[in-house]
Amino acid sequence: MKLRFGKYKGQQFKDTPKSYQNWLLNQDWFKAPKQEKPLHQQLNGWDGYNQRGRAVYDAIFEQEKLEALKQDCMHGICSCCEDSSYYGI
Ligand SMILES: [Zn+2]
Numbered sequence: 020m021k022l023r024f025g026k027y028k029g030q031q032f033k034d035t036p037k038s039y040q041n042w043l044l045n046q047d048w049f050k051a052p053k054q055e056k057p058l059h060q061q062l063n064g065w066d067g068y069n070q071r072g073r074a075v076y077d078a079i080f081e082q083e084k085l086e087a088l089k090q091d092c093m094h095g096i097c098s099c100c101e102d103s104s105y106y107g108i
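All residue numbers for the sequence shown refer to our numbering, where the first residue is 20 and numbers rise by one.
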C-alpha cells in the first residue's frame with residue numbers, strides 16, 4: 020500500500036518505520052480500504068495457487084505481524100520503543 024499523505028507520502032506503508040506504522044494503525048481516521056468480505060471469507064475455496072487467494076493470505080499474514088508488533092510494544096518487549104527491554108537489538 021502506497022501512502023498518499025503524511026510525512027512518508029509516496030512510500031510503501033511497509034517501508035515506513037515500525038513506530039510510525041503502529042501510530043498510524045491506532046488512528047481512528049486511518050482505515051484500510053474496505054474489503055467486500057472479511058479476509059478469512061475471501062480465502063474460502065482458495066486452492067493455494069490462485070493469485071487473489073495468495074494476495075489475501077499475504078494480507079492476513081501482514082495484519083498478524085503488525086498485531087504481534089503492537090503486542091510486543093504494549094508489553095515492552097519490542098525493539099522499536101525506547102522504554103522497551105530490547106530497544107536497539
Ligand atoms: Zn515498540
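Virtual Cβ for every residue (Gly too), placed ideally from N, Cα, C.
Cβ-heavy atom distance, residue i to ligand 1, below 7 Å
i, result
"serine 103", "yes"
"aspartate 91", "yes"
Sequence-distant residues of the same chain with beta carbon closer than 7 Å to residue i, five excluded per side
i, result
"isoleucine 96", "Ser103, Ser104 and Tyr105"
"phenylalanine 32", "Met20, Leu22 and Gln40"
Chain-order list of residues whose beta-carbon lies under 8 Å from that of residue i (same chain, five-residue window excluded)
i, result
"leucine 62", "Gly72, Val75, Tyr76 and Ile79"
"proline 36", "Cys99"
"tryptophan 30", "Checking the displayed sequence, the identity of residue 30 turns out to be glutamine instead of tryptophan. Excluding positions up to five away in sequence, the list reads Lys21 and Leu22."
Residues that DSSP places opposite residue i in a beta bridge
i, result
"glutamine 31", "Lys21"
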